[in-house]
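If you use this note's numbering, the sequence shown corresponds to residues 2 to 198, in order. Positions of the beta carbon are idealized from the N, C-alpha and C atoms, including for glycine. Contents: one structure, followed by commentary.
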Amino acid sequence: MLTQKSEITESLPVERIDLRSYLLVLVFRWQIIVLCFLLCLLGGVLYINFTPREYLTECKVMIYSEPMLTLSSDSTRWTSLPLHAAMLADTKLAERIAKKLEKEWGKRMGGFSHMVLEVKARPVSAMIPMLNVSVRNRTPEYAKAFLGALLEEHRLEWQSIQNRSKDSATRMLEEELARLREQIREAEDAVIDYMRL
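Structure follows, in structure tokens:
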């Protein structure tokens, strides 16, 4: 029995650790990591060089409230900025501006579909509440013209809204004044009738 056990142990070869194979695996792994990094870097450089550039055109706008329509206090000095932001970012307003600029910029921009820009308007945190209005486009001159026309159109639209609200407020005050005059006349007639009795 002892002879069989010794034969089994002699038949199994004892392998020594070869450090060269571990070193090759380690070096080969780092080469793959460096190669992947360099390929990603090359892809980023190619993306930056070959994609068309887009320019950001932006401006900051302060919007005051109409003193004729609001009570005078510090809290009502500014109008609602989210309302103005929603009005400026409206796609219908952007389409109207693109139609207005189509005659001048249509050929250079490649048609009406490339002329309608996405407008982003968001409040700016500062001492004085402001809106940051921005557009992105490949042609910075068109973006500047678009932004200028957009602000002018918004100003006209806001003035028309204010004029309508002034007219409706005036109409309501005139109706209230006429009603009060009628009540005063009725009260005077009632006083005269009472004095006759």
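Between which two residues does the beta strand (DSSP E) holding residue i run?
i: ARG123; result: 121-125
i: THR58; result: 56-62
Three-state secondary structure (DSSP) at residue i?
i: MET196; result: helix
i: GLU177; result: helix
i: ARG17; result: coil
i: GLU169; result: Inspection of the sequence shows that residue 169 is occupied by Ser rather than by Glu. Helix.
i: ASP190; result: helix
i: SER114; result: helix
Taking buried to mean at least 16 other C-beta atoms within 10 Å of its own C-beta, is residue i buried or exposed?
i: ASN138; result: buried
i: ALA191; result: exposed
i: ILE98; result: buried
i: THR171; result: exposed
i: TYR23; result: exposed
i: THR92; result: exposed
i: TRP106; result: buried
i: VAL120; result: buried
i: THR52; result: exposed
i: MET116; result: buried
i: ILE147; result: First, the residue type needs correcting, since residue 147 is Phe and not Ile in the sequence shown. Buried.
i: ALA87; result: exposed
i: MET110; result: buried
i: ALA127; result: exposed
Is it the case that the CB of residue i approaches a heavy atom of the ligand SAM more closely than 7 Å?
i: ILE34; result: What this structure holds is no ligand at all, so the ligand SAM is not there to describe.
Bridge partners for residue i per DSSP, in chain order?
i: ARG137; result: LEU57
i: LEU132; result: VAL62 and PRO124
The alpha helix (DSSP H) spanning residue i covers which residue range?
i: VAL26; result: 20-51
i: ALA86; result: 82-89
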